[in-house]
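K.L.:
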Amino acid sequence: AKQGGRDNYQIFKAEMGHQAARDFDHEQDMRKGIAAKDQFFMVYQPKVTADNQLVGLEALMRWQHPQEGLISPADFIPLAEESNLIIELSEFAILTVLEQIRRWLDSGYEDVTVAINITGKHLVSGTLVPYISELLTRFDIEGTAIEIEITEGVLLTDVDRCIEVMSDLKSLGIKISIDDFGTGYSSLSYLKRLPIDVLKIDKSFVDDCAISLEDGEICATIINLAINLELTTVAEGVETQEQLDFLVAHGCDTYQGYFFHKPNSAQVIEKLLQRVSTLV
Ligand code: C2E
Ligand code: MG
Ligand code: MG
Ligand code: MG
Numbered sequence: 365a366k367q368g369g370r371d372n373y374q375i376f377k378a379e380m381g382h383q384a385a386r387d388f389d390h391e392q393d394m395r396k397g398i399a400a401k402d403q404f405f406m407v408y409q410p411k412v413t414a415d416n417q418l419v420g421l422e423a424l425m426r427w428q429h430p431q432e433g434l435i436s437p438a439d440f441i442p443l444a445e446e447s448n449l450i451i452e453l454s455e456f457a458i459l460t461v462l463e464q465i466r467r468w469l470d471s472g473y474e475d476v477t478v479a480i481n482i483t484g485k486h487l488v489s490g491t492l493v494p495y496i497s498e499l500l501t502r503f504d505i506e507g508t509a510i511e512i513e514i515t516e517g518v519l520l521t522d523v524d525r526c527i528e529v530m531s532d533l534k535s536l537g538i539k540i541s542i543d544d545f546g547t548g549y550s551s552l553s554y555l556k557r558l559p560i561d562v563l564k565i566d567k568s569f570v571d572d573c574a575i576s577l578e579d580g581e582i583c584a585t586i587i588n589l590a591i592n593l594e595l596t597t598v599a600e601g602v603e604t605q606e607q608l609d610f611l612v613a614h615g616c617d618t619y620q621g622y623f624f625h626k627p628n629s630a631q632v633i634e635k636l637l638q639r640v641s642t643l644v
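For the sequence shown, our numbering begins at 365 and goes up steadily by one.
Spelled out as structure tokens, the structure:
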């Protein structure tokens, strides 16, 4: 047992060293990638009604690493958040989305709402609202064309500050969603105080909603809460007809998931958008 413990410790140490080295490389690589301009890009995933009518898009970041290939934001966003790189990446996301919306408007597509994920660090940085507001003016885009998604956990840090920034965003016409809802520890008392519009039910509850009583009950409870607070619900990660049927029966408003559409490039997603006028 003693020998085993020692081996485990050695392995543990080796893994720690490896992990630290990788993280360090990635931070350097991220800086290079941002400077190179062509490694980070946005894909878009539709949000739809139960009968597959488009209600909006979510912008999701991708990193095409020159050696390691495509890296998931679930891996590089947390890392970026340890430094100020997150602000640069987040501003890149906002800029890219607004440029894309301007192109779609210029091509005669009907108004489309695009949700952008914002981490806690950027939300409370003091630079988010001026940055967005300047770009909306520069591109002549209404605030109602974008939505901000904030994960529930972020609210734990400083509720009053979050409410302040959210209110500033709302006054620009921007809607606010609570992402991954159910995974954080929101107290219901302050959920009521937040100037939010949408609850996104986390995929982890959607996965088994039709086969697990507990997960089904959690989804139903979140939907009821949203109805009572007059918020819209989005079910994340819907993959099957059974999940959809369950969620529809319980009154969920909108859906996002591979059952309907995977995230894709602006060019592919564009085919789902409607032209305002056939004359264009
Ligand atoms: P999220 O905001 O909760 O986004 C939903 C994630 O679920 C996306 O993963 C999406 O591709 C995935 N997804 C959607 N439908 C399905 C489905 O039916 N099945 C499965 N298996 N997955 C589905 P993605 O794109 O890997 O993003 C992961 C997380 O990274 C996002 O979770 C978000 O928190 C973060 N992220 C992505 N882009 C950005 C960004 O531009 N800025 C920031 N700050 N965070 C971002
Ligand atoms: Mg999101
Ligand atoms: Mg989410
Ligand atoms: Mg999620």
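Each residue gets a CB set at the ideal place from its N, CA and C atoms; glycine is no exception.
If you drop the 5 nearest sequence neighbours on each side, which residues of the same chain put their C-beta closer than 6 Å to that of Arg466?
P.N.:
Within the sequence shown, numbered from 1, the residue matching residue 466 stands at position 102. Result list for Arg466: Phe503, in chain order.
K.L.:
Three Cβ pairs or more, each shorter than 8 Å: is that satisfied between the region 570–583 and the region 532–544?
P.N.:
no
K.L.:
Kindly provide the ranges of any alpha helix (DSSP H) runs that are 4 or more residues long and lie completely inside the region 529–571, ordered along the chain.
P.N.:
552–555 and 567–570
K.L.:
Indicate the three-state DSSP secondary structure (helix, strand or coil) for Glu422 in the structure shown.
P.N.:
Walking along the sequence shown from the start, residue 422 turns up at place 58. Glu422 falls in the strand class under three-state DSSP.
K.L.:
What span of residues does the alpha helix (DSSP H) with Ile450 cover, start to end?
P.N.:
Within the sequence shown, residue 450 is the residue found at index 86, counting from 1. Looking at the DSSP string, the run of the alpha helix (DSSP H) that includes Ile450 is Leu449 to Asp470.
K.L.:
Would you be able to state if there are at least three C-beta pairs under 8 Å between the region 399–407 and the region 592–609?
P.N.:
no
K.L.:
Do Met406 and Val461 have their beta-carbon atoms positioned less than 8 Å apart in this structure?
P.N.:
Mapped onto the sequence shown, residue 461 falls at position 97. Mapped onto the sequence shown, residue 406 falls at position 42. Against a cut-off of 8 Å, the Cβ pair of Met406 and Val461 comes out as a contact.
K.L.:
Using three-state DSSP, classify Pro410 as helix, strand or coil.
P.N.:
Within the sequence shown, numbered from 1, the residue matching residue 410 stands at position 46. Three-state result, Pro410: strand.
K.L.:
Leaving aside the five residues before and after Lys377 along the sequence, list all residues of the same chain whose C-beta is less than 6 Å from its C-beta, in chain order.
P.N.:
One-based indexing of the sequence shown puts residue 377 at position 13. Summary for Lys377: the model assigns pLDDT 44, below 50, so the residue's position carries little reliability; its value from the coordinates is reported in the next sentence. Correct list: empty, nothing qualifies.
K.L.:
Report the CB separation of Phe440 from His486 in whole angstroms; it is logged as a contact under 8 Å.
P.N.:
Within the sequence shown, residue 440 is the residue found at index 76, counting from 1. Within the sequence shown, residue 486 is the residue found at index 122, counting from 1. Actually they are not in contact, since the Cβ atoms of Phe440 and His486 sit about 15 Å apart, beyond 8 Å.
K.L.:
Assign Val612 to one of three DSSP states: helix, strand, or coil.
P.N.:
As a first step, residue 612 is located in the sequence shown; it is residue number 248 there, counting from the start. In this structure, Val612 counts as helix in the three-state DSSP scheme.
K.L.:
Quick one, which of Val493, Ala509, Thr547 and Asp544 has its alpha-carbon nearest Ile527's?
P.N.:
The residue given as residue 527 occupies position 163 in the sequence shown. Here the closest residue by C-alpha is Val493.
K.L.:
Cα-Cα, which of Val419, Asp393, Gln392 and Met394 is closest to Ile633?
P.N.:
Residue mapping note: residue 633 aligns to position 269 of the sequence shown, counting from 1. Among Val419, Asp393, Gln392 and Met394, the Cα nearest to that of Ile633 is on Val419.
K.L.:
Where do the ends of the beta strand (DSSP E) carrying Ala433 lie?
P.N.:
Translated into the one-based positions of the sequence shown, residue 433 becomes position 69. Per the sequence presented here, residue 433 reads as Gly, with Ala not at that position. First-last of the beta strand (DSSP E) with Gly433: Gly433 to Ile435.
K.L.:
Output the distance between the C-alpha atoms of Gln417 and Gln392, rounded to the nearest integer angstrom.
P.N.:
Stepping through the sequence shown from its first residue, residue 417 is reached at position 53. Stepping through the sequence shown from its first residue, residue 392 is reached at position 28. When only Cα atoms are considered, Gln417 and Gln392 end up about 42 Å apart.
K.L.:
Using DSSP's beta-bridge definition, name the partner residues of Ile510.
P.N.:
Taking the sequence shown and counting its residues from 1, the one referred to as residue 510 is at position 146. Paired residue(s): Val478.
K.L.:
Put Tyr473 into one of helix, strand or coil per three-state DSSP.
P.N.:
Residue mapping note: residue 473 aligns to position 109 of the sequence shown, counting from 1. Looking at Tyr473 - three-state DSSP - the assignment turns out to be strand.
K.L.:
Is there contact here, the region 429–440 with the region 497–517, by at least three beta-carbon pairs under 8 Å?
P.N.:
no
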